[in-house]
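Visitor: Residue numbers (my numbering): 3 to 128.
#1: At 3 residues or longer, what runs of the beta strand (DSSP E) sit wholly inside the stretch 47 to 85?
#2: Buried or exposed, going by whether 16 or more other CB atoms sit within 10 Å of the CB of residue 41?
#3: How far does the alpha helix (DSSP H) with residue 6 in it extend, from its first residue to its last?
#4: Can you give me the C-alpha to C-alpha distance between residue 46 and residue 53, rounded to a whole angstrom?
#5: Alpha carbons only, please: which of 13, 67, 83, 33 is nearest the one belonging to residue 25?
#6: DSSP state of residue 88, grouped into three classes?
#7: By Cβ distance, which residues of its chain are closer than 8 Å to residue 17, with the 5 residues on each side in sequence left out?
Laid out in structure tokens, this is it:
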């Protein structure tokens, strides 16, 4: 999904992925001459994450209705959550990214969460 979108992007030279238990990091290498296009690179990755979640029956980009992506100096972070049942889901958490009830919420929160970091580095600087 996001990895393929970054790899297809004409402004990237290479994409590196790192997987952890609950974290996934994508590093897109950008030529210094293409640095002005880094927002286009990030937009492609964001759109791919949202599209993949839309196609999934149980994976959501948390906060997809409001602000699903949190910018960092080198890119952005998104949180994915796995839903077990739409009928018992805490829709404020899935749709808006937060639950006002916290641990006292009677509704279902994600059974598994994954943090996705998308960053860039200049080609030749590794």
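From the three backbone atoms N, C-alpha and C, an ideal C-beta is built for every residue, glycine too.
Guide: Inspection of the coordinates gives the following:
#1: Qualifying beta strand (DSSP E) stretches, in chain order: 61 to 63, 71 to 74, 77 to 84.
#2: The Cβ neighbour count for residue 41, taken over all protein chains shown within 10 Å, is under 16; the residue is labelled exposed.
#3: That run of the alpha helix (DSSP H) goes 4 to 10.
#4: Straight-line Cα distance between these residues: approximately 10 Å.
#5: It is 83.
#6: Correct three-state label for residue 88: coil.
#7: Excluding positions up to five away in sequence, the list reads 5, 8, 9, 28, 29, 30, 31.
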